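Here's the structure we're looking at; comments come further down.
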Amino acid sequence: MPAEISVQDLSKRVAAPNPPLVLDVRESQELAIARFPGAVEIPMHDVPQRLAELEREQEIFVLCHHGMRSAHVAGFLAEQGFTRVGNVTGGIDAWALLVDPSVPRY
């Protein structure tokens, strides 16, 4: 089962040297409302066809709106041999509430 990371811990990790990759699996209409800076954006249903775009050894934290879709994708990536994958608890909504209030909520 993939690890979980809080948005507060993710904030520290992305600001540190050698940050993890943040994989945003929300749909384009959601991204139009609120973006996570620097994230790789691949909609959830496209992930299986786009696995080659991700490095299996890279640390990856998966993000969605509230953390449900990203948990599924993190589990899928782990099943595909990604060894350093985790889920962002609470998703972009928690990020907007607890880390960056300038990010619009929806």
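Quick note: the sequence shown uses the working numbering, first residue 13, plus one each step. Note that beta-carbon positions come from the ideal geometry of N, C-alpha and C, so glycine has one too. These figures come from a predicted structure and were not determined experimentally.
Measure the Cβ-Cβ separation of Ile-17 and Phe-73 and say whether it is below 8 Å.
For the 8 Å CB-CB criterion, Ile-17 and Phe-73 form a contact.
Contact set for Pro-55: own chain, Cβ-Cβ below 8 Å, skip 5 residues either direction
Shown here for Pro-55: same chain residues with a beta carbon closer than 8 Å to its own, the five before and five after excluded, namely Val-37, Arg-38, Glu-39 and Ser-40 in chain order.
Going by other Cβ atoms of all chains shown within 10 Å of its Cβ, with 16 needed for buried, is Ala-83 buried or exposed?
So Ala-83 counts as buried.
I'd like the ranges of any alpha helix (DSSP H) spanning at least 4 consecutive residues and lying wholly in the region 20-85.
Restricted to the region 20-85, the alpha helix (DSSP H) segments that are unbroken, complete and at least 4 residues in length are 40-43, listed in chain order.
Give me, in chain order, the residues of the same chain whose beta-carbon lies closer than 7 Å to that of Pro-31; leave out the 5 immediate sequence neighbours on both sides.
Sequence-distant Cβ neighbours of Pro-31 in its own chain, meaning closer than 7 Å and more than five residues away, are Arg-25.
CB Val-97 to CB Ala-108, shorter than 8 Å?
Not in contact: Val-97 and Ala-108 (Cβ atoms no closer than 8 Å).
In terms of alpha-carbon separation, which member of Val-34, Asp-112, Pro-29 and Ala-27 lies closest to Asn-99?
For Asn-99, the nearest C-alpha among the options comes from Val-34.
Using three-state DSSP, classify Gly-98 as helix, strand or coil.
Note: Gly-98 maps to strand in three-state DSSP.
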